[in-house]
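Protein chains in written order, with our numbering: chain A, 3 to 352; chain B, -13 to 503. For glycine and all other residues, C-beta sits at the position ideal for the given N, C-alpha and C. Small disclaimer: the values here were computed from a predicted structure and weren't measured. Below is one structure, written out as structure tokens; the observations come after it.
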């Protein structure tokens, strides 16, 4: 019991320590793979680092890759604070993306100040409603949200498949919609990179999530339900209301990843455009310890790995898939945080 | 008599605390040696050192005059030490016999001889009078029986010294009686027992000698026959303790709450509360005595809105509240100390300050503009309550899970009592707490009563019921079998009623108002 107390007192540093050590361990194990390929790990990592952080342009690219991951990471983290495991960020971002695209294409002649927010809000509403379904099923019938969020993913994939090849199929041959109106575009911030004003939205989202969770009554209730639903109930907090609310907000956050991709990067809805951004969000939330600020850094790290991968592939013998291995290793070490912690403790003793 | 076990100058430091400070303890062969002290006094640490779970910083242990070095529980077991922990270490899905042999299975070539296991366990159980069926699944037997399985486990490993860590904390009064019989049987057969507790009554009832620890130090060892309750209490707490709550006779005012023909069924349809009617007056404590599981919790949850009654009414100042959710019930002036502070009463991962507003978090002054937390008000509130109710350590930012049980309970008491509720529902308010904290909470309950609150007190401890209540209702099998003025009843009569005794035939020449009136 007293040992537990000791850990408590150093809680903050421990929360930081495990993710950082996990990343370092993952890079270390990754180095073994690089050696097997016959390259110098230091050289490969140098290339990786320079490509993702070496210049303003590469930093911009890294941030652009990080933007959707911030949204999906926040989404997963937010639901988790209410004790919910939202595996449905991928589906929520697809319906959000589609709703934003439809608004972006259909309305013409609106001023930007109206059209852009309209498209964004349409996406958030769609994503939020999509997530409300598993939320309601959990709250009212006790059906586990993991099952339903996964199921809703498939419905979202095929629904958007249908919409993009059917009613909203654009003029070109490819399975994509027409371009959205310029009035619904998230402006590029640093041409030629595709970094756009979505990153500003992401930062705002981080701040808002932080405020909601720790500075409002709503956050108090949501976290109370996440920690101890029976005590929350005793405190007069409606468990079912907060489950639904947390899912809706989580879905809205996830949808913003899709919205950013459509309005800021692709300029149109493309069938199955997402490289598993929603699922990556789970890893980002895990690495970021479900804290908005942690999510930001985790998303930037994952964005950087992706950005650097191509250069590493081009300039060394190390294939870009190494980055995927490193990501997987990070997740493993964070998930096995007891193991990682023991490794840290042993280090300290020695 | 010879000493079977000697612990010499044991010292153990944890960061910031000296858990054991130069403790020397002798245990005689074949005695029941009680080890008492308040929570955090170092009893468990000392025994964990003995059992090899902790390493002492300094000090020595001698077993049968030989110095031993107990580095882990396996060594302890091999040396003939057995320990029964407060939280049982049993596999629910296995049978009693399978649990007993776990780790030392009678096996040949990896095939376990189950028949031998069952026979061995049955023989052992009979020898020591530990009634338990070897073939039952552990999940299906009562807590008292599970404890016997733990004792059997130790005996099966040929324990000569048995350490029981607060064994009575989880038992009903009847089960405690049975445990004491078992302990006496073991003693007769030559087993030495170290009995950890913080209940002085139990020490006096069962032990031969008693050692008292306070803040990591041994205060003294006494022959039980030569000491008494007040002396031990003072040794434990370090000052004179009020064993009985001082209170003036109740001044009951008008009826605050009426419970009218409440019926509650649980999810599977079992009739848990049957037609219970009670009136609680302002300025009185109505005790509800009963063996746990006789419908008390269900009744309380129906009153506080956590559960719906199937039929019946709860009136507060004549207005129905039984259809309301918990929040509005609270707002109407009902305070509630829940039975299980970890499950219901606290959010362990929240700070003291955040727990101090649980249930009030949506009201002024703790929120502004319906949404934003008012940190200043939250902290001022917590600071004030921490001082007023002496929560230690007085750090409002500390997570509640790091507080001791007594201080956790003080957080709940502070939160509920500081609103000056008109109707106060206290369920097992002092369970698992040490004397100091119990004394404090009892005083606070009486203070609330004297301020005019109507109080319901549910407790499995008859002492608590008798010392705090003005009237006592006994619940048995979902029914209130009797309501008695406290001065006209006693422990024996209540014990009889709690076990389903007939109210009319209850001993003692008393008038009995039955609940049906």
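Nearest residue (CA-CA) to residue i, options the options
| i | options | result |
| --- | --- | --- |
| residue 179 of chain B | B:145, B:285, B:7, B:434 | B:145 |
| residue 307 of chain A | A:48, A:34, A:18 | A:48 |
| residue 348 of chain B | B:30, B:301, B:359, B:77 | B:359 |
| residue 246 of chain B | B:96, B:295, B:383 | B:295 |
| residue 18 of chain B | B:182, B:1, B:139, B:27 | B:182 |
| residue 61 of chain B | B:207, B:30, B:143, B:382 | B:143 |
| residue 439 of chain B | B:116, B:236, B:363, B:413 | B:236 |
| residue 36 of chain B | B:24, B:64, B:93 | B:64 |
| residue 141 of chain A | A:333, A:244, A:98, A:315 | A:244 |
| residue 132 of chain A | A:162, A:115, A:107 | A:162 |
| residue 202 of chain B | B:333, B:21, B:94, B:486 | B:21 |
| residue 32 of chain A | A:320, A:346, A:345 | A:320 |
| residue 257 of chain B | B:248, B:264, B:263 | B:248 |
| residue 446 of chain B | B:435, B:477, B:344 | B:477 |
| residue 151 of chain B | B:379, B:98, B:28, B:121 | B:28 |
| residue 317 of chain A | A:50, A:153, A:20, A:26 | A:50 |
| residue 246 of chain A | A:83, A:113, A:97 | A:83 |
| residue 26 of chain B | B:344, B:222, B:45 | B:222 |
| residue 70 of chain A | A:233, A:225, A:200, A:209 | A:200 |
| residue 181 of chain A | A:242, A:97, A:266, A:192 | A:266 |
| residue 154 of chain A | A:90, A:43, A:229, A:323 | A:90 |
| residue 224 of chain A | B:333, B:40, B:379, B:424 | B:333 |
C-beta contact flag for residue i and residue j at 9 Å
| i | j | result |
| --- | --- | --- |
| residue 299 of chain B | residue 444 of chain B | no |
| residue 311 of chain B | residue 173 of chain A | no |
| residue 396 of chain B | residue 352 of chain B | no |
| residue 328 of chain A | residue 86 of chain A | no |
| residue 149 of chain B | residue 69 of chain B | yes |
| residue 147 of chain A | residue 281 of chain A | no |
| residue 216 of chain B | residue 232 of chain B | no |
| residue 254 of chain B | residue 288 of chain B | no |
| residue 24 of chain A | residue 305 of chain A | no |
| residue 291 of chain B | residue 314 of chain B | yes |
| residue 275 of chain B | residue 480 of chain B | yes |
| residue 346 of chain B | residue 401 of chain B | yes |
| residue 279 of chain A | residue 95 of chain A | yes |
| residue 214 of chain A | residue 99 of chain A | no |
| residue 382 of chain B | residue 394 of chain B | no |
| residue 391 of chain B | residue 327 of chain B | yes |
| residue 302 of chain A | residue 62 of chain A | no |
| residue 127 of chain B | residue 136 of chain B | no |
| residue 3 of chain B | residue 160 of chain B | no |
Beta strand (DSSP E) segment containing residue i, residue limits
| i | result |
| --- | --- |
| residue 183 of chain B | 178 to 183 |
| residue -3 of chain B | -11 to 0 |
| residue 471 of chain B | 465 to 471 |
| residue 195 of chain B | 195 to 200 |
| residue 381 of chain B | Run containing residue 381 of chain B: none; DSSP gives neither H nor E here. |
| residue 209 of chain B | 203 to 209 |
| residue 96 of chain B | Note, residue 96 of chain B: premise wrong, no beta strand (DSSP E); not H, not E. |
| residue 140 of chain B | Where residue 140 of chain B is concerned, there is no enclosing beta strand (DSSP E), although the alpha helix (DSSP H) it sits in stretches over 129 to 142. |
| residue 409 of chain B | 409 to 413 |
| residue 321 of chain B | 320 to 323 |
Residue range of the alpha helix (DSSP H) that includes residue i
| i | result |
| --- | --- |
| residue 308 of chain A | 294 to 317 |
| residue 541 of chain B | The requested residue 541 of chain B is not part of the displayed model; chain B covers only -13 to 503. |
| residue 30 of chain B | 29 to 36 |
| residue 257 of chain A | 241 to 262 |
| residue 46 of chain B | It is not in any alpha helix (DSSP H) - residue 46 of chain B instead sits in the beta strand (DSSP E) that spans 44 to 49. |
| residue 484 of chain B | 477 to 484 |
| residue 332 of chain A | 323 to 337 |
| residue 435 of chain B | 421 to 436 |
Nearest-angstrom beta carbon gap, residue j and residue i [assumed within contact, 8 Å]
| i | j | result |
| --- | --- | --- |
| residue -4 of chain B | residue 273 of chain B | Actually they do not touch by this definition, with Cβ atoms about 42 Å apart. |
| residue 255 of chain A | residue 77 of chain A | 4 Å |
| residue 128 of chain A | residue 257 of chain A | 6 Å |
| residue 114 of chain B | residue 172 of chain B | 6 Å |
Chain C within 9 Å of residue i, Cβ atoms only
| i | result |
| --- | --- |
| residue 240 of chain A | Judged by its chain identifiers, the structure shown contains no chain C, and its protein chains are A and B. |
Going along the chain, which unbroken runs of the alpha helix (DSSP H) with 4 or more residues stay wholly within the region 72 to 140 of chain A?
91 to 108, 114 to 138
Considering only residues of the region 151 to 224 of chain A, which uninterrupted alpha helix (DSSP H) runs meet the minimum length of 4 residues and lie entirely inside it, listed in chain order?
Counting whole runs of 4 or more residues, the region 151 to 224 of chain A contains the alpha helix (DSSP H) stretches 200 to 217.
Going residue by residue through the region 234 to 314 of chain B, where are the continuous alpha helix (DSSP H) segments of at least 4 residues, counting only ones entirely within it?
282 to 290
Length at least 4, wholly inside the region 54 to 95 of chain B: the alpha helix (DSSP H) runs in chain order:
59 to 64, 82 to 87, all fully within the region 54 to 95 of chain B.
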